[in-house]
Amino acid sequence: MKKLPILFIMSMMLLAGCGNNQNEANEDQDDRIQVQNTTNQNVDRKTGQEIAAHLVELASSIPEVNDATAVVLGKFAVVGIDVNAKLDRSRVESIKYSVAESLKHDPYGANAVVIADADTVERLRQMGKEIQDGRPVVGILDELAQIIGRIMPDIPSDIINNENVDSTETNNNQLDKKSEKELEKEQQDQSNHHKNDQ
């Protein structure tokens, strides 16, 4: 009879031990990813004028920027900065770079172009007023495209897809034969003998 209580206690311990082991297995399987339903979130949607005011505030916070203006159309923006006219060109470029860096880290300024030309900045200011007055956006888009075209006349895709591969060979006929052979040898050496592999 003494064996019966001991056997009962042992079987209870065995069942309790197996139950704990099974709970641990269930905990391993319960590592589900909890996600938040994003469809009902309030999205911060700002108008182009609100974004422009925000970008002006960011640009104006950079030292040596006296004033700024911005025109926003869609996800693109042009930010004009007013700096001291007596600054040398390298300092102005440095300030433009600082403004571009501050805009790069802002979701609304990531696709912005920064300009510091006084005439263009004034024209941007006028365009901003025209947008506020309700002028048709089509005319403003054309004018903005012309401004950007003057600032950045080369489009990266034009540079990448350069069709004129032999443009470096145009001046080859200016050397005498001996100098031309020396130049050809030098170019081959500098290109690790890959110049004619094209």
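Here the numbering used here runs 7 ahead of the position in the sequence shown, where the first position is 1. We put the CB at the ideal spot given by N, CA and C, even for glycine.
Start-to-end residues for the alpha helix (DSSP H) that takes in Gln-77: First, the amino acid is wrong: residue 77 is Ala here, not Gln. No alpha helix (DSSP H) contains Ala-77, which is instead part of the beta strand (DSSP E) from 72-80.
C-beta atoms of Lys-85 and Ile-147 nearer than 8 Å: This sequence places Val at residue 85; Lys is not what is there. Taking 8 Å as the Cβ cut-off, Val-85 and Ile-147 do not qualify as a contacting pair.
C-alpha gap between Leu-62 and Ala-92, whole angstroms: 22 Å
Residue from Lys-185, Ile-88 and Asp-196 with nearest C-alpha to Leu-110: Ile-88
Beta-bridge pairing of Phe-83 - partner residues as DSSP gives them: Leu-80
Beta strand (DSSP E) segments (min. 3 residues) lying fully within the segment 82-163: 83-90 and 119-122
Span of the alpha helix (DSSP H), counted from its first residue to its last, around Ser-67: 55-67
Per-residue DSSP class, three states only, for Leu-182: coil
Residue from Glu-129, Lys-184, Pro-114 and Tyr-115 with nearest C-alpha to Val-90: Glu-129
Ile-7 classed as buried or exposed, judged by whether at least 16 other C-beta atoms fall within 10 angstroms: Outside the modelled stretch of the chain, which goes from 8 to 205, sits residue 7, for which no answer is possible.
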